[in-house]
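>
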Amino acid sequence: MTRNHVDTAIVGGGQAGLAMSRELTMRGIDHLVLEKGMIGNAWRTARWDSLRLLTPNWANGLPGRPYGGPSFHGFMSATEFAESLTRYASFISAPLVENVCVHGARALPGGFELATSEGPISCRTLVAASGGAVRPVVPAMATAVPKHVFQTDPGSYKRPSDLPDGGVLVVGASASGVQIARELQLSGRRVTLAVGTHVRLPRNYRGRDIEWWLDAIGALDESLDDVDDLTRVRRTPSPQLIGGTDPVDLTALNRLGVEIVGRLTDIRGGRALFSGGLAHLCQAADLKLGRLLDRIDIWAAERSPGAALMPSTRPSATPLPTAPRLSLDFGSGEIASVVWATGFRPANEWFRDLPVFDRRGRLVHDGGIVAGAPGLYVLGLPFLRRRRSLQISGAGPDTRDIAHHLDLHLRHNAAA
Amino acid sequence: MTTELMNEIQNGVNVQALLDARTALEAAPEAAKFTWRAQCEWLDGVHSRTSISGFFGLGEDKTRPSAHVVETDHPAEFAAPDAAATPVEVVLSGLAGCLTAGVAAVAENRGVKLRSVSASVEADMDIAGILGIDADVRNGFSAIRVEFDIDADASSEDIAALVAQSQKRSAVFDILTNPTAVHVSTTGQK
């Protein structure tokens with residue numbers, strides 16, 4: 001039986017919700033963590049079989065519980081990570097309610113009321129930790145794909161054998177798209193990859209994992225004040241990385257035989273139309289990578305001149321097809337499936353009735369603090385408060401900051 | 417630091433005015449919706465004259481003090497008097513003009529002093545398409561190449577980044593690389 005009133009309700013039992021629970025417990029704040037399935041639900045159910053975390057195990061410790069397993073430099077699977085969350089929930093004695101679905105939220109004087117599958121739950125403060133990258137976003141043009149073509153997305157796709165035999169068009173070249181394109185190509189299917197704006201990163205640079213470098217040079221700790229176009233930064237696609245040592249950039253995929261084409265711009269008359277701007281996007285990604293590696297080299301020279309680093313070997317420029325294909329005829333039978341790896345959006349439908357969204361449906365918040373509904377906080381969004389916000393290691397610092405604000409809110413709005 | 421550089425106009429682009437406009441239009445999205453117009457009259461043969469004067473923007477119709485005129489014709493190889501550039505060459509001038517303006521604006525914003533910028537544009541076309549010789553050949557360009565030669569107080573990487581950012585924000589680059597729905601209708605027959 002679930003309690004029907006708490007000081008703080010946390011919706012979502014992933015790394016963000018659990019880290020928040022630990023912060024609140026340390027502050028003596030009465031709360032519940034409401035999880036719609038099992039702990040780490042999305043990691044267990046809404047990901048493909050081969051998925052491993054993009055960050056090495058050493059980077060995936062949770063607050064108060066650093067990684068203690070046997071493979072410090074390895075990459076755990078999504079399921080292994082979900083299991084580590086389950087262990088973490090008991091380690092921190094999280095007041096957890098599993099298998100409870102939150103359908104809606106409304107503002108009440110001095111708090112909120114949640115509509116849940118266990119009945120209404122009222123709370124003075126509410127933490128939305130239901131995930132920033134949960135619902136696959138599929139563009140409207142998907143409806144123009146002919147019926148005989150099988151369509152899927154990274155939220156539903158599990159393994160290559162789920163797809164019919166034949167060619168595959170993978171749309172999107174961020175982490176999901178390049179990983180799925182790679183395994184489909186290796187399964188013997190002929191893959192065409194439509195590439196828009198993308199982020200190229202090497203797994204390893206000068207003998208260290210790229211995550212080590214991003215952490216060392218302070219990039220992951222850059223905060224809201226350190227970036228000049230926050231909207232753009234928050235929309236940056238995930239990097240072309242895989243949890244493992246295989247390269248998955250366009251150079252590597254091209255070598256495996258994946259055909260690289262421009263951004264999918266439209267589907268008309270049974271034909272997919274690709275942008276002719278591919279070369280520009282590849283050059284832009286190469287330039288951006290070059291600037292990051294310059295920054296790393298400068299840091300290494302200044303901060304650890306004696307370190308035993310491998311020499312600076314720069315990845316070569318992305319090879320550009322001289323005449324990338326600009327269209328593809330679904331009627332030719334060449335393409336049997338389309339994988340829409342076109343991004344994820346937050347699972348925030350359950351609080352859509354709160355007045356906290358702008359005219360384009362985007363949540364308005366300042367570093368996770370939602371001014372439109374005082375007492376509402378959000379976690380786990382891209383660059384919520386710092387560059388590492390979307391990483392596992394972002395849960396600790398973000399929840400510490402937000403718990404502080406939440407604690408003050410409760411004190412200043414003490415129940416009558 | 418950047419503010420000082422922006423206030424001291426180097427390349428003749430008033431970046432501050434553009435940045436202010438961006439801020440203002442974020443708050444008033446309807447004002448950002450523009451409609452561009454051109455009025456073309458057939459002169460003779462394949463020679464036409466297009467005058468460009470008014471447009472709609474910032475919520476109202478605007479008229480320039482005087483119209484700009486662009487003529488198009490075809491060269492002798494097309495059995496025409498070559499009174500003006502061909503329409504496809506005017507398209508190339510639009511691309512070059514747009515990308516070059518972008519380079520100047522981005523350079524201004526980044527505090528890069530430009531000494532010279534030149535862009536050479538080439539586009540390939542198999543006229544078997546427009547002549548109806550081969551149905552498999554498209555009418556338009558099969559490829560466009562733009563080569564910038566830029567002399568500026570900046571590293572070659574920074575200059576490459578100017579050109580990349582210019583492409584990212586270029587209307588004509590987008591028009592040429594992505595499909596646009598074009599509706600052509602007819603009126604005026606008595």
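These protein sequence lines map, in sequence, to chains A and B.
Going by the numbering used here, the first sequence opens with residue 1, and the numbers climb by one from there.
Going by the numbering used here, the second sequence opens with residue 417, and the numbers climb by one from there.
Ideal Cβ positions, reconstructed from N, Cα and C, are used throughout, including at glycine.
Fair warning: this is a prediction, and the values are worked out from it, not measured in the lab.
For A/Phe112, which residues does DSSP report across the bridge?
Your numbering for residue 112 of chain A matches position 112 in the first sequence. Bridge partners of A/Phe112: A/Ala107 and A/Cys123.
> Return the chain-ordered list of same chain residues with a C-beta closer than 6 Å to the C-beta of B/Phe471, the five sequence neighbours on each side being excluded.
Against the second sequence, residue 471 of chain B aligns to sequence position 55. Trp452, Arg453 and Lys478, listed in sequence order.
> Which residues in chain B sit within 8 Å of A/Leu275, going by Cβ to Cβ distance?
In the first sequence, the residue the question calls residue 275 of chain A occupies position 275. The sequence shown places Ser at residue 275 of chain A, rather than the Leu named in the question. Within 8 Å Cβ-Cβ: Thr593 and Asn594.
> Tell me whether A/Phe330 is buried or exposed, calling it buried when 16 or more other Cβ atoms sit within 10 Å of its Cβ.
On the first sequence, position 330 is the one that residue 330 of chain A refers to. Label assigned to A/Phe330: buried.
> State the Cα-Cα distance for the pair A/Ala378 and A/Ile180, rounded to the nearest angstrom.
Locating residue 378 of chain A in the first sequence gives position 378, where the first residue counts as 1. Locating residue 180 of chain A in the first sequence gives position 180, where the first residue counts as 1. According to the sequence displayed, residue 378 of chain A carries Val and not Ala. Taking the straight line joining both Cα atoms gives about 30 Å.
> Taking three-plus beta-carbon pairs below 8 Å as touching, is the region 108 to 128 of chain A in contact with the region 137 to 157 of chain A?
Contact fails: fewer than three Cβ-Cβ distances are below 8 Å.
> Could you check what DSSP says for A/Gly13 in three-state terms: helix, strand or coil?
Reading the first sequence from its first residue, position 13 is the one you call residue 13 of chain A. It is coil, neither helix nor strand.
> Just to make sure I have the definition right: I need the residues of chain A whose C-beta is within less than 9 Å of the C-beta of B/Glu563. Which are they?
The residue given as residue 563 of chain B occupies position 147 in the second sequence. Ordered by position in chain A, no residue passes the 9 Å Cβ test against B/Glu563, which lies about 13 Å from the chain.
> Based on Cα-Cα distance, which residue from A/Ala142, A/Val100, A/Glu118 and A/Ser337 lies nearest to A/Tyr431?
This structure gives no information on residue 431 of chain A, because the portion of chain A shown stretches from 1 to 416.
> So is B/Val598 in contact with chain A if we call contact Cβ pairs under 9 Å?
Taking the second sequence and counting its residues from 1, one reaches residue 598 of chain B at position 182. It does not: the Cβ of B/Val598 has no partner Cβ on chain A nearer than 9 Å.
> With distances taken from CA atoms, which of A/Val233, A/Thr25, A/His5 and A/Gly37 is nearest A/Thr399?
Position 399 of the first sequence, counted from the start, is the residue given in the question as residue 399 of chain A. Cα-wise, what sits closest to A/Thr399 is A/Thr25.
> Is the beta carbon of A/Ile260 less than 9 Å from the beta carbon of A/Leu169?
Counting from 1 along the first sequence, the entry for residue 260 of chain A is found at position 260. Counting from 1 along the first sequence, the entry for residue 169 of chain A is found at position 169. Not closer than 9 Å, so no.
> Are the CB atoms of A/Leu241 and A/Leu287 nearer to each other than 9 Å?
Locating residue 241 of chain A in the first sequence gives position 241, where the first residue counts as 1. Locating residue 287 of chain A in the first sequence gives position 287, where the first residue counts as 1. Not a contact, by the Cβ cut-off of 9 Å.
> Would A/Leu34 pass as a contact of A/Ala9 if the rule is Cβ separation under 9 Å?
Within the first sequence, numbered from 1, the residue matching residue 34 of chain A stands at position 34. Within the first sequence, numbered from 1, the residue matching residue 9 of chain A stands at position 9. Yes, they are a contact pair.
> Suppose the cutoff is 7 Å on Cβ atoms and the five residues either side in sequence are ignored; what does the same chain contact list for A/Ala107 look like?
If you number the first sequence from 1, residue 107 of chain A lands on position 107. Same-chain partners within the cutoff: Leu354 and Ala373.
> May I ask which residues mark the beginning and end of the beta strand (DSSP E) holding A/Ile39?
Locating residue 39 of chain A in the first sequence gives position 39, where the first residue counts as 1. Here A/Ile39 belongs to no beta strand (DSSP E), and DSSP marks it neither H nor E.
> Taking only three categories from DSSP, how would you classify B/Met417?
Taking the first residue of the second sequence as 1, we reach residue 417 of chain B at position 1. Here the model assigns B/Met417 a pLDDT of 36, short of 50, so the residue's position is not dependable and the matter cannot be decided.
> Counting only the same chain and skipping the five closest in sequence on each side, list residues whose C-beta sits under 8 Å from that of A/Thr265.
The count along the first sequence starts at 1 and reaches residue 265 of chain A at position 265. Cβ within range, chain order: Leu273, Phe274 and Ser275.
> If you draw a straight line from the C-alpha of A/Arg271 to the C-alpha of A/Leu328, how long is it?
If you number the first sequence from 1, residue 271 of chain A lands on position 271. If you number the first sequence from 1, residue 328 of chain A lands on position 328. About 5 Å.
> So what's B/Asn423 in DSSP terms, helix, strand or just coil?
Stepping through the second sequence from its first residue, residue 423 of chain B is reached at position 7. A caution first: B/Asn423 carries a pLDDT of 45, below 50, which makes its placement in the model too unreliable to give a value.
> Strictly below 7 Å CB to CB, what residues from chain B border A/Asp266?
For this step, residue 266 of chain A is matched to residue 266 along the first sequence. In chain order: Pro595.
> Using a Cβ cut-off of 9 Å (strictly closer), state whether A/Leu256 contacts chain B.
Within the first sequence, numbered from 1, the residue matching residue 256 of chain A stands at position 256. Output row for A/Leu256: interface = no.
> If we define contact as Cβ-Cβ less than 9 Å, is B/Lys449 a contact residue for chain A?
As a first step, residue 449 of chain B is located in the second sequence; it is residue number 33 there, counting from the start. Judged by the 9 Å Cβ criterion, B/Lys449 is not in contact with chain A.
> With a CB to CB cut of under 6 Å and the five nearest residues on each side skipped, what residues in its chain are close to A/Phe383?
Here residue 383 of chain A corresponds to residue number 383 of the first sequence, with the count starting at 1. Only Val233, Arg234 and Ser389 meet the Cβ criterion.
> Taking 7 Å as the limit between beta carbons, can you name the residues of its chain near B/Glu420, skipping five residues before and five after?
For the purposes of this step, residue 420 of chain B is taken as the residue at position 4 of the second sequence. Bear in mind that the predicted position of B/Glu420 carries a pLDDT of just 41, short of 50, making it unreliable; the figure below should be weighed with that in mind. So no residue of the chain qualifies.
> Flag this pair as touching only if the region 584 to 593 of chain B and the region 506 to 525 of chain B have three or more C-beta atom pairs under 8 Å; answer yes or no.
At 8 Å Cβ cutoff, the stretches touch.
> Comparing the CB of A/Lys147 with every heavy atom of the ligand MN, is any distance shorter than 8 Å?
Absence of the ligand MN is noted for the structure shown, with no ligands found whatsoever.
> Within this structure, are the beta carbons of A/Arg135 and A/Pro324 separated by less than 9 Å?
To locate residue 135 of chain A, count along the first sequence from 1; it is residue 135. To locate residue 324 of chain A, count along the first sequence from 1; it is residue 324. No, these two residues do not count as a Cβ contact at 9 Å.
> Which of the three DSSP states is assigned to A/Glu83 in this structure?
In the first sequence, counting from the first residue as 1, residue 83 of chain A sits at position 83. Looking at A/Glu83 - three-state DSSP - the assignment turns out to be helix.
> Please list the partners that B/Ala576 has in chain A, where partner means a Cβ-to-Cβ separation under 8 Å.
Here residue 576 of chain B refers to the residue found at position 160 when the second sequence is read from its first residue. Gln283 and Leu287, listed in chain order.
> Tell me, please, whether the CB atom of B/Ala551 is closer than 9 Å to any CB atom in chain A?
Taking the second sequence and counting its residues from 1, one reaches residue 551 of chain B at position 135. Taking Cβ atoms only, chain A never reaches closer than 9 Å to B/Ala551, which makes this a no.
> Keeping to the same chain, check which residues put their C-beta closer than 7 Å to that of B/Thr418; ignore five residues upstream and five downstream.
Residue mapping note: residue 418 of chain B aligns to position 2 of the second sequence, counting from 1. Low per-residue confidence applies at B/Thr418: pLDDT is 39, beneath 50, and the placement is therefore not dependable, though the value from the model is reported in the following sentence. Same-chain partners within the cutoff: Gly527.
> Check whether the region 71 to 83 of chain A and the region 46 to 53 of chain A touch, using three or more Cβ-Cβ pairs below 8 Å as the test.
Judged by Cβ distances under 8 Å, the region 71 to 83 of chain A makes contact with the region 46 to 53 of chain A, as three or more pairs qualify.
> Of all the alpha helix (DSSP H) runs that stay within the bounds of the region 37 to 78 of chain A, which reach a length of 4 or more residues?
Runs found: 41 to 45.
> For A/Gly167 and A/Trp340, what's the separation of their Cα atoms in angstroms?
Residue numbering aside, residue 167 of chain A sits at position 167 when the first sequence is read from its first letter. Residue numbering aside, residue 340 of chain A sits at position 340 when the first sequence is read from its first letter. When rounded, the distance between both Cα atoms is 14 Å.
> Do you know whose CA, among A/Glu222, A/Thr231 and A/Ile210, lies nearest A/Gly244's CA?
One-based indexing of the first sequence puts residue 244 of chain A at position 244. Measuring from the Cα of A/Gly244, the nearest candidate turns out to be A/Ile210.
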